[in-house]
Amino acid sequence: MVGHLPLAFLALVLGACASKPGHFKNPREEFLATTRTLLDFPLEGPEFRAEDLARIDLEVKRLLEAYDYRIVEGGVLEDLDRGVADVDSILIKGLVLREAYFDFEGAEWDGVRREIELPSGGLYGLDEDLEGYLGALSLYVCITRPGGEIQFESVGGVGLLQRWNGSEFENVGPTSLLADEDAVQAAVETALAPLAR
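According to my numbering, the sequence shown holds residues 9 to 205 in order.
Written out as structure tokens, the structure reads:
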């Protein structure tokens with residue numbers, strides 16, 4: 009399962025996935041007509057606090073149920089292997105490293121935009137045409153059929169993993185980003201918005 013993999017490995021495997029939020033592999037109408045029950049597994053990862061991951065799981069479940077999906081939480085793997093599990097699809101979640109394009113107006117990636125602090129005169133004397141890419145953290149969501157066929161992929165930006173400290177960009181720990189409940193909620197809503205019925 010994706011949720012069991014280290015963050016660095018997830019970034020390698022999924023870095024090119026879902027470059028834009030809400031990518032249906034099958035027609036949206038077909039997906040919505042045939043998908044009601046989702047088998048879900050809890051997020052895991054030693055890079056993050058268990059309470060932060062649990063909060064993401066809860067927010068994902070709350071929103072999907074509001075969208076009229078029924079969530080089944082694990083416990084049916086043997087039934088799934090035998091092909092008798094009462095689920096339409098499997099929900100896979102992960103936290104992935106991404107690149108956020110930035111300029112003096114802010115940084116943008118995976119459906120979100122953030123203001124960033126930079127010297128008003130430009131970086132190291134450069135003018136305001138400065139632009140580039142910063143590391144960012146996003147929530148990745150994938151829904152597959154029990155047989156493995158991908159139906160839907162999406163991403164929602166959580167936060168930037170680099171910030172300006174007055175003289176250079178410094179790294180920001182991903183754990184601190186997940187402590188921002190508003191940012192996490194926005195990431196979940198962005199990633200799941202296409203699934204609304």
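Glycine is no exception: its CB is placed at the ideal position from the N, C-alpha and C atoms.
Express the C-alpha separation of LEU103 and ALA191 in angstroms, rounding to a whole number. 14 Å
Going by DSSP, what residue range makes up the alpha helix (DSSP H) through SER184? 182 to 186
Between the Cα of TRP172 and the Cα atoms of GLN159, ALA194, GLU123 and ALA204, which residue gives the shortest distance? GLU123
Counterpart residues of VAL80 in DSSP-defined beta bridges: LEU47
Per DSSP, SER146 is paired with what? VAL104 and GLY165
Strictly under 8 Å for the Cβ-Cβ distance: is VAL104 near chain C by that measure? The question asks about chain C, but that chain is absent: this structure has only one protein chain.
Looking at VAL196: is its Cβ nearer than 8 Å to the Cβ of VAL80? no
Beta-carbon gap between LYS101 and LEU51 smaller than 8 Å: yes
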